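One structure is given here, and the rest of the page talks about it.
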Amino acid sequence: MKHLLFFLTALLFISFSAFAQSNYQPGYYISLKGDTVRGSVDYREWSTNPESINFKGAGNNAATQRLLPASVRSICIKNIDYYQSYSGNVSADVLGNTNGRDTSFTTKSIFLKSIINGDKLNLYEYRDADKTRYFVAANGQEITELIYRSYQLNDQSIDERTYRKQLSIIAANNNKLNSEVNNHIQRTEYNADALTRLVKEINTNNISLSANINTGRKSAYFFAGTGVNIIMFRTDGGVTTAGAPNKTSVLPVITGGLNVYPNPHTRQLALRVETGVGIGRYSAAYTSKVSPYNDAVFNFTEVNFFLAPQILYNVYNQNNFKFFIGAGLQASLINYTNKAFRNADGSPSTLSYQPFGLFIKTATASLFKAGILIRNKIELNAGYLTESDICKDPYYRITATGVQIGINYHFE
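Taking the numbering used here, the leading residue of the sequence shown gets 922, the next gets one more, and so forth.
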């Protein structure tokens, strides 16, 4: 339980840091007068559309400007995103409203995220704490919201898909409302993927579609690697009194897994699931300090199959070089081989029972990790695993802490 609490605490802390951290990327904004101002845009891990965006002009000493929807026409983060300013009506109903149909609107200035542009129709997204809305601009006309309502009325669930009628009118105005397009409109759901496919059908010049500035960076990819598994075995209890020493094992580990970036453009935050197999060996020969004072041998090898969910945060985050820190939880399934607890001459130990039947076969430890990623391909990392039990028996008490130093290749 303590390891789970640690992991959840680390998750909250690193997530908060990711959302709070500045991340300036090349970009520009277009002023209300139509001028293009180039510089750097602070692109965050936004879960909703930003209410304001920080901008720095060209030059090392440029001051930070706080750009609002009412103060600019648009903002571009190069090769990442484009935000269009909009002032007008925004639906105020909540999806699944239990109080019946709600047609209320609020009037405000907001940033719309551009999803796709075309010769006839542009599609935008606006996400706030209440819901996700989609807007369109047809043939250079004003931006309007595509309306979708979901509510309860007389114990019935009603989905009001006004956006399909709106899109039918736009298609008809552009001479695109044939039977095939109409069928697609009537089946189109209210989400970015479905609406994007439909907008592509309505637009004539698909070559000009920007899908918008999205470079197609994947949000998930696999990695594999190898490294050194360093385990510090610590004895305690009666076996320590008898003379069994602490030992350190240095043996190989093989790893692989999946990285998922919540925002593939910034890559500030990564969720990792890592699995692998590592080997550790305890091997001690000592003279017993208690009766009968004979020479003893205590050996075992552990084969550790592990699964480790982690959250990683890029403290330094550039395209060709990243420095990250992270934390996670490692759950292990352990198999013990090459077991021996006997006298050095090969005769059995005179103790009343052997330790190996008492060894723990599953273990959980907290994991701390740091490393660098070079050119999004080669990762060098080091991890520390907190203490976990191998045997809890009062006489044969043994614990282990671990350090892993590794190299991974990212299949991007």
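Each residue gets a CB set at the ideal place from its N, CA and C atoms; glycine is no exception. Given the structure is predicted, the values throughout are model-derived calculations rather than measurements.
- Shortest Cα-Cα distance from Thr-1222 to any of Ile-1328, Val-1194, Ile-1255, Glu-1195 involves Ile-1255.
- Taken through DSSP and simplified to helix, strand or coil, Asp-1114 comes out as helix.
- Here Tyr-1274 is exposed. Its C-beta has fewer than 16 other C-beta atoms within 10 Å.
- Within the segment 1146-1230, the complete alpha helix (DSSP H) segments of 4 residues or longer fall at 1159-1163, listed in chain order.
- With a contact defined as Cβ atoms closer than 8 angstroms, Val-1160 and Tyr-1316 qualify at about 6 angstroms.
- In this structure, the alpha-carbon of Val-962 lies about 6 angstroms from that of Gly-948.
- In this structure Ile-1106 touches Ala-1092 by the C-beta definition: roughly 7 angstroms separates them, less than 8 angstroms.
- For Asn-1104, the uninterrupted alpha helix (DSSP H) run begins and ends at 1100-1108, by DSSP.
- About 26 angstroms separates the Cβ atoms of Ile-1328 and Glu-1308, ruling out a contact at the 8 angstroms cut-off.
- Scanning its chain for C-beta atoms nearer than 6 angstroms, with the 5 sequence neighbours on each side dropped, one finds around Leu-989 the residues Ser-973, in chain order.
- Following the DSSP letters along the chain, one finds Lys-1086 inside the alpha helix (DSSP H) bounded by residues 1083-1094.
- Looking at the DSSP output, Arg-1054 sits in a beta bridge with Tyr-1047.
- Nearest neighbour of Asn-1238 by Cα position, chosen from Gly-1267, Gly-1249, Val-1194, Arg-1188, turns out to be Arg-1188.
- Here the segment 1004-1016 lies against the segment 1024-1038, with 3 or more beta-carbon pairs under 8 angstroms apart.
- Considering only Phe-1143, Ile-1232, Arg-1155, Gly-1148, the residue with the shortest C-alpha distance to Gly-1178 is Phe-1143.
- Between Phe-1227 and Gly-1197, the gap from beta carbon to beta carbon is short of 7 angstroms.
- Annotated as distal: Ala-1145 and Ile-1036, with beta-carbon spacing of 7 angstroms or more.
- Considering only Arg-1202, Thr-1083, Leu-1250, Asn-1103, the residue with the shortest C-alpha distance to Leu-1306 is Leu-1250.
- The continuous beta strand (DSSP E) containing Phe-1262 extends over residues 1242-1264.
- Distance check between Asn-1043 and each of Thr-1024, Glu-1066, Thr-1027 places Glu-1066 closest, using alpha-carbon atoms only.
- In the DSSP assignment, Gly-948 is bridged to Gly-960, Ile-998.
- For the pair Phe-1154 and Ala-1321, the CB atoms are nearer than the 7 angstroms cut-off.
- Between Gly-1158 and Tyr-1207, the CB-CB gap reaches or exceeds 7 angstroms.
- Within 10 angstroms of the beta-carbon of Ala-1058 lie 16 or more other beta-carbons, which makes it buried.
- Residue pairing by DSSP puts Asn-1235 in a beta bridge opposite Phe-1245.
- Asn-1096 is the residue among Asn-1150, Ser-1140, Asn-1096, Glu-1101 whose C-alpha sits nearest the C-alpha of Thr-1125.
- With fewer than 16 neighbouring CB atoms inside 10 Å of its own CB, Ile-1295 falls in the exposed class.
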